[in-house]
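Enquirer:
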Amino acid sequence: MNKVINRLVVACCVVAISLSSQAAIPFFSTDKDEIPSLAPMLDKTTPGIVSISVEGTQVSTQRVPEMFRHFFGGNNEQVQERPFKGLGSGVIIDAKKGYVVTNNHVVDNADDITVKLTDGREFKAKKLGADAQSDIALLKIEPDELTAVPLADSDNLRVGDFVVAVGNPFGIGQTVTSGIVSALGRSGLNIGGYEDFIQTDAAINRGNSGGALVSLRGELVGINTAIFGPNGGNVGIGFAIPSNMMKSLVDQIIEFGEVRRGLLGITGQDIDSGLAEAMNLDVTKGAFVSEVQPDSAAEKGGIQAGDIIIEINGKTIISFQELRAKIASKGAGSELELTILRKGKRKQIDVTLGDATQAVVAAKEIHPALEGAVLTNGKTKQGDSGVVISELQSRSPAARIGLQDGDVIIGVNRKPVDTVIKLRNELEDSKGVIALNIKRGTASIYLVIR
Numbered sequence: 001m002n003k004v005i006n007r008l009v010v011a012c013c014v015v016a017i018s019l020s021s022q023a024a025i026p027f028f029s030t031d032k033d034e035i036p037s038l039a040p041m042l043d044k045t046t047p048g049i050v051s052i053s054v055e056g057t058q059v060s061t062q063r064v065p066e067m068f069r070h071f072f073g074g075n076n077e078q079v080q081e082r083p084f085k086g087l088g089s090g091v092i093i094d095a096k097k098g099y100v101v102t103n104n105h106v107v108d109n110a111d112d113i114t115v116k117l118t119d120g121r122e123f124k125a126k127k128l129g130a131d132a133q134s135d136i137a138l139l140k141i142e143p144d145e146l147t148a149v150p151l152a153d154s155d156n157l158r159v160g161d162f163v164v165a166v167g168n169p170f171g172i173g174q175t176v177t178s179g180i181v182s183a184l185g186r187s188g189l190n191i192g193g194y195e196d197f198i199q200t201d202a203a204i205n206r207g208n209s210g211g212a213l214v215s216l217r218g219e220l221v222g223i224n225t226a227i228f229g230p231n232g233g234n235v236g237i238g239f240a241i242p243s244n245m246m247k248s249l250v251d252q253i254i255e256f257g258e259v260r261r262g263l264l265g266i267t268g269q270d271i272d273s274g275l276a277e278a279m280n281l282d283v284t285k286g287a288f289v290s291e292v293q294p295d296s297a298a299e300k301g302g303i304q305a306g307d308i309i310i311e312i313n314g315k316t317i318i319s320f321q322e323l324r325a326k327i328a329s330k331g332a333g334s335e336l337e338l339t340i341l342r343k344g345k346r347k348q349i350d351v352t353l354g355d356a357t358q359a360v361v362a363a364k365e366i367h368p369a370l371e372g373a374v375l376t377n378g379k380t381k382q383g384d385s386g387v388v389i390s391e392l393q394s395r396s397p398a399a400r401i402g403l404q405d406g407d408v409i410i411g412v413n414r415k416p417v418d419t420v421i422k423l424r425n426e427l428e429d430s431k432g433v434i435a436l437n438i439k440r441g442t443a444s445i446y447l448v449i450r
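Counting in the UniProt record's numbering, the sequence shown runs from 1 upward without gaps.
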């Protein structure tokens, strides 16, 4: 046992010596008599990470059975209001302007938001804007000798990099845990609408949401957002929103008061072994383009069906979901350089993203029966405008009612719809049974939602 312990100590010393040779990293003391420690870095960083407490009222409706409606004045629904309180974490990203970033789910529906600093000071916060699909919210407090956490370029992260998670788990107070980057570009977790997560084994628990994932330089690389484990406990699998994605979304909120997503205008899928074999492809990673929408940024830039997008601005793309998340976090009008493979040859294409505001939404925001579908303004093959099912999760509620990828919704209860906004309005006005008029290829069909 002593030999094993000695080997571990030696290994730790080797790591410490190797890291301490990187002069740019400030957390190791140059005094040879001191033990290597993260404390110097944390002394500068942790004042920029805050605790957030919220209070609000949650409104819910319940359908009243017909036999009991006379007890409720004949109403079909009973409205209930329940007060709630919650705790989370946040990160100061601009000390002069008092900007604090957290998760949307931490402050969603909150009427009162309080930010508490590590020195005990408390501020009432105003929510400037939020994006439920990426789970980001921006708060503002009055500047008063605040400390901001500097941002890192999260695109430079590599699997194996050391990271530190700081937050307020379980409301017990600021807590620091450490680990490494376990994976990058994680998606398909059904945590949010746009997923491009950093995975880490640094312990993240309830209350850490909205807290900071920082590098050993004390720079913000991610916003902690989710955990993966039984009963919501830490099992060494946590997820964070990359700082670059967060900054792009926050910049849009600051400028417009909302997120105005960029739109490329393609549908596609991940590349798997079956697709690679069928298409005679030499790659196993990237985003396969199955369709380019007319008059879209992709069509204008020269992207074609069958292309494989492998890089954005020189950064490798692993999957279609990662591409979708990165595009969605960019603002409308953003100029990007895409690297594609076309018939085995690399090609650079410049695109200017369109405006996806109100054009692309997760269908569950419109109606629970449509959950699992992504809706996009588009056209049928005959040229009629409608709402395209641009993505569809298998075995989702939307799939169970009979929707298929590529379907175009052109009507609700015999009323025409040609945009996502009109679809939302018609569904909100509809009561009882809903009949969706679908164009599937050349066929016109009806799907019924009860």
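Here a beta-carbon is modelled for each residue, glycine too, at the ideal position from N, C-alpha and C.
1. Could you name the residues of the same chain whose beta carbon sits closer than 6 Å to that of isoleucine 92, not counting the 5 residues immediately before and after it, in chain order?
2. Using only alpha-carbon positions, find the residue among Asp94, Glu122, Val159, Val388 that is nearest to leucine 138.
3. Kindly indicate which residue of Ala325, Gln404, Ile309, Asp384 has the alpha-carbon position closest to the one of residue 459.
4. Using DSSP bridges, identify the partner residues of glutamate 311.
5. For valine 54, which three-state DSSP category applies?
6. Report yes if the C-beta distance between glycine 129 and glycine 211 is below 9 Å; otherwise report no.
7. For glycine 386, which beta-bridge partners are listed by DSSP?
8. Looking at C-beta atoms only, is the number of pairs between the segment 281-293 and the segment 166-186 that lie closer than 8 Å three or more?
9. Under 8 Å by Cβ, that's how I've got aspartate 355 and serine 319 pegged, so tell me the actual separation to the nearest angstrom.
10. How long is the line joining the alpha carbons of aspartate 144 and threonine 175, rounded to whole angstroms?
11. Leaving out the 5 sequence neighbours to the left and right, which residues in its chain are closer than 7 Å to glycine 302 when beta-carbon positions are compared?
12. Expressed to the nearest angstrom, what Euclidean distance is found between the alpha-carbon atoms of valine 417 and valine 259?
13. Can you tell me whether residue 451 is buried or exposed, with buried defined as 16 or more other CB within 10 angstroms of its CB?
14. If you draw a straight line from the alpha carbon of glutamate 426 to that of arginine 158, how long is it in whole angstroms?
15. What first and last residue would you give for the beta strand (DSSP E) that runs through asparagine 437?
16. Is the beta carbon of glycine 179 sitting closer than 9 Å to the one on valine 166?
17. Going by DSSP, which residues form a beta bridge with isoleucine 180?
18. Under three-state DSSP, which class holds isoleucine 327?
19. Serine 215 bridges to which residues according to DSSP?
20. Residue range of the beta strand (DSSP E) that asparagine 224 falls in?
21. Would you mind sorting arginine 186 into buried or exposed? The rule is 16 or more other CB atoms within 10 Å of its CB.
22. Determine the burial state of serine 243: buried for a count of at least 16 other Cβ atoms within 10 Å of its Cβ, exposed for fewer.
23. Which residues share a DSSP beta bridge with glutamine 321?
24. My understanding is that leucine 264 touches isoleucine 308, with C-beta atoms under 8 Å, so please give their C-beta distance in whole angstroms.
25. Inspect the beta-carbon positions of glycine 386 and lysine 439 and report whether they are closer than 9 Å.
26. DSSP three-state call for residue 451: helix, strand or coil?
27. Measure the Cβ-Cβ separation of leucine 275 and leucine 341 and say whether it is below 9 Å.
28. With a Cβ-Cβ cutoff of 9 Å, do valine 115 and isoleucine 52 count as a contact?
29. Using the beta-carbon count (16 or more within 10 Å), is serine 394 buried or exposed?
30. With a CB to CB cut of under 6 Å and the five nearest residues on each side skipped, what residues in its chain are close to aspartate 161?
31. The beta strand (DSSP E) with isoleucine 449 in it runs from where to where?
Expert: The answer reads as follows:
1. Gly48, Val100, Leu146, Ala148
2. Asp94
3. It is not possible to answer for residue 459, since the shown part of the chain is limited to 1 through 450.
4. Thr316, Thr339
5. strand
6. no
7. Gly378
8. no
9. Going by Cβ atoms, the distance from aspartate 355 to serine 319 rounds to 25 Å, so no, they are not a contact pair.
10. 24 Å
11. Ile349
12. 24 Å
13. The question about residue 451 has no answer here: the residues shown for the chain are numbered 1 through 450.
14. 47 Å
15. 434-440
16. no
17. Phe162
18. helix
19. Val163
20. 220-227
21. buried
22. buried
23. Note: glutamine 321 sits in no beta bridge, so no partner.
24. Contact doesn't hold; Cβ gap of about 14 Å is too wide.
25. yes
26. With the chain covering 1 to 450 only, the question about residue 451 has no answer from this structure.
27. no
28. yes
29. exposed
30. Val181
31. 443-449
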